[in-house]
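Worksheet for the structure shown next.
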Amino acid sequence: MINNAAPRNSIGHILFQYDLYPGKIEQFGKVKKITSPKGTFALKESNMTQEQANWFSHVMRRLEKIDYYQVVPVIPNKYGDLTITHGNKTFYLQPWFWEEAEVPDEKKEIILFRQLGKLHSLTVKPQEFSKDTIENSYQELLKRWEKRRLEMEYFAELCERKTYMSPFELTFLTHYSRMEQLANTASNYLKEWYDDCLEKQTFRAVLCHGKLDRSHIFYHPNGYGYLFNFEKAVLDTPVRDLAISFRKSFQYTLWKEDQGADWLGTYERYLLLEEEEKKLFASYLIYPELIYNCVDHYNRRDGSITELQYVQILEKRIITMTRVNHFIHNILLKKESSQPSE
Numbered sequence: 045m046i047n048n049a050a051p052r053n054s055i056g057h058i059l060f061q062y063d064l065y066p067g068k069i070e071q072f073g074k075v076k077k078i079t080s081p082k083g084t085f086a087l088k089e090s091n092m093t094q095e096q097a098n099w100f101s102h103v104m105r106r107l108e109k110i111d112y113y114q115v116v117p118v119i120p121n122k123y124g125d126l127t128i129t130h131g132n133k134t135f136y137l138q139p140w141f142w143e144e145a146e147v148p149d150e151k152k153e154i155i156l157f158r159q160l161g162k163l164h165s166l167t168v169k170p171q172e173f174s175k176d177t178i179e180n181s182y183q184e185l186l187k188r189w190e191k192r193r194l195e196m197e198y199f200a201e202l203c204e205r206k207t208y209m210s211p212f213e214l215t216f217l218t219h220y221s222r223m224e225q226l227a228n229t230a231s232n233y234l235k236e237w238y239d240d241c242l243e244k245q246t247f248r249a250v251l252c253h254g255k256l257d258r259s260h261i262f263y264h265p266n267g268y269g270y271l272f273n274f275e276k277a278v279l280d281t282p283v284r285d286l287a288i289s290f291r292k293s294f295q296y297t298l299w300k301e302d303q304g305a306d307w308l309g310t311y312e313r314y315l316l317l318e319e320e321e322k323k324l325f326a327s328y329l330i331y332p333e334l335i336y337n338c339v340d341h342y343n344r345r346d347g348s349i350t351e352l353q354y355v356q357i358l359e360k361r362i363i364t365m366t367r368v369n370h371f372i373h374n375i376l377l378k379k380e381s382s383q384p385s386e
């Protein structure tokens with residue numbers, strides 16, 4: 045029971061459940077930095093539902109049980125709960141980390157994919173094969189991709205009708221046929237994955253972080269990376285996490301093929317991908333969502349980014365997709381590819 049003396053309409057109601065009496069509270073986005081006699085903590089505000097909060101708590105306890113300690117821990121309140129619901133928000137408390145190490149850019153992803161590989165290797169488990177599950181996953185992804193393709197087709201038609209196109213629109217149209225080819229290639233790889241799964245009748249799942257990139261890993265001075273924000277964690281194919289992390293990492297620098305080889309090699313020291321998983325991974329990577337997403341942002345532009353900047357972002361992503369294609373043929377699916385390595 046909560047003591048009636050606890051302030052119920054303020055942050056004090058939440059901190060009371062941790063016996064924390066702050067001397068100072070600072071706001072950093074959705075995180076409050078709590079400075080108290082007991083130490084410094086991070087109180088995270090989330091939109092998780094009660095069901096999602098229960099799953100989040102299960103995930104954090106499961107990670108501790110399997111001895112995966114490269115995570116920023118969630119501190120239980122004095123009643124043993126890892127999350128607190130207040131109003132329509134969910135809150136949880138973690139230690140406040142501040143002395144993040146100065147890590148060179150080229151090493152940040154290596155640390156990230158090392159931890160992702162460890163996480164997946166500790167949680168990988170064969171799943172009971174279900175043709176319906178595979179079929180539904182296959183069809184749902186095809187439908188989603190087709191919807192996106194039609195949206196881009198419509199944008200291209202609008203551009204073509206104009207007497208004078210903007211530089212961004214002209215750049216998009218110049219490469220539009222290539223984007224269509226990439227989307228078709230993604231569908232072909234997805235079909236190969238689907239056929240291979242039906243033939244082997246096997247499927248495995250891991251605990252996926254759900255949104256892992258540099259912003260969700262703390263680079264500690266001891267050389268380790270500590271993952272946090274497992275709010276989107278889910279049981280799914282390891283390829284889900286890999287594809288998300290690859291795509292997010294593309295955005296930091298002008299990505300190179302050999303970097304992808306290093307990332308994948310680091311990950312596979314802990315968990316080797318099955319051949320059908322590589323096909324699925326290839327389909328996720330080669331689908332031109334990076335470019336489509338750029339068009340979405342352009343259509344919602346508010347003047348904070350100039351036309352030239354939009355063009356530069358688009359051109360960078362077009363180059364990235366070309367290098368992704370080389371990575372798939374020369375590294376990821378090299379055994380399956382009939383093309384010689386360049």
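Going by this note's numbering, the first residue of the sequence shown is number 45, and it counts up by one from there. The beta carbon of each residue, even a glycine, is placed where N, CA and C say it ideally should be. Computed from a prediction, not measured in an experiment: that's the story for all the values here.
Straight-line Cα distance separating residue j from residue i
i	j	result
Tyr62	Ala277	25 Å
Glu351	Pro211	7 Å
Gln356	Asp340	15 Å
Tyr342	Tyr354	7 Å
Gly161	Gln94	29 Å
Ser165	Leu315	5 Å
Glu386	Pro148	Unreliable placement is indicated for Glu386, whose pLDDT of 39 sits below 50; the coordinate value is still reported in the next sentence. Using only the alpha carbons, I get a separation of about 28 Å.
Gln383	Ile69	Any reading at Gln383 needs caution, since the residue's pLDDT is 43, under 50, leaving its predicted position unreliable; the model's value is listed next. Their backbone Cα atoms lie some 59 Å apart in a straight line.
Arg105	Glu153	26 Å
Leu308	Ser289	11 Å
Ile178	Thr129	36 Å
Lys76	Thr207	51 Å
Phe371	Phe100	35 Å
Ala305	Ile110	29 Å
Limits of the beta strand (DSSP E) - the one that residue i falls within
i	result
Val250	Arg248 to Cys252
Val75	Val75 to Ser80
Lys68	Lys68 to Phe72
Ala86	Gly83 to Ser90
Phe262	Ile261 to Tyr263
Supposed contact pair residue j and residue i - C-beta distance, whole angstroms, cut 8 Å
i	j	result
Tyr65	Ser80	6 Å
Thr229	Ile330	5 Å
Within-7 Å CB hit, residue i to chain C
i	result
Tyr62	Absent from the structure is chain C; it holds one protein chain and no more.
Limits of the unbroken alpha helix (DSSP H) element including residue i
i	result
Gln159	Asp149 to Thr167
Ile55	Ile55 to Phe60
Three or more C-beta pairs under 8 Å: does that hold for the region 116-134 against the region 260-278? Touching, yes.
Could you say if the region 291-299 and the region 362-375 meet the contact criterion of at least three C-beta pairs nearer than 8 Å? Yes, the region 291-299 touches the region 362-375.
Taking 8 Å as the threshold, find out whether the region 308-324 comes into contact with the region 231-246 through three or more Cβ pairs. Remark: three or more beta-carbon pairs, one from each stretch, lie closer than 8 Å, so the region 308-324 and the region 231-246 are flagged as touching.
For the region 308-357, which segments carrying the alpha helix (DSSP H) assignment without a break, of at least 4 residues, lie completely within its bounds, in sequence order? Listed in chain order, the complete alpha helix (DSSP H) runs (minimum 4 residues) inside the region 308-357 are 319-330 and 333-343.
Inter-stretch contact at 8 Å, needing at least 3 Cβ pairs: the region 189-202 / the region 329-339: Proximity of the region 189-202 to the region 329-339 meets the contact definition, three or more beta-carbon pairs being nearer than 8 Å.
Is the region 80-90 close to the region 131-147, with three or more CB pairs under 8 Å? Segments in contact, yes.
Do the region 244-252 and the region 167-176 meet, that is, are 3 or more Cβ pairs less than 8 Å apart? Touching, yes.
List in chain order: all unbroken alpha helix (DSSP H) runs of 4+ residues lying wholly within the region 267-314. Entirely contained in the region 267-314, the alpha helix (DSSP H) runs reaching 4 residues are, in chain order, 282-294 and 301-312.
Which parts of the region 182-225 are runs of the alpha helix (DSSP H), unbroken and 4 residues or longer, counting only runs that do not cross its ends? For the region 182-225, there is no continuous alpha helix (DSSP H) assignment of 4+ residues that stays within its boundaries.
Taking the runs of the beta strand (DSSP E) that are 3 residues or longer, which of them lie wholly in the region 86-150? Counting whole runs of 3 or more residues, the region 86-150 contains the beta strand (DSSP E) stretches 128-130 and 133-139.
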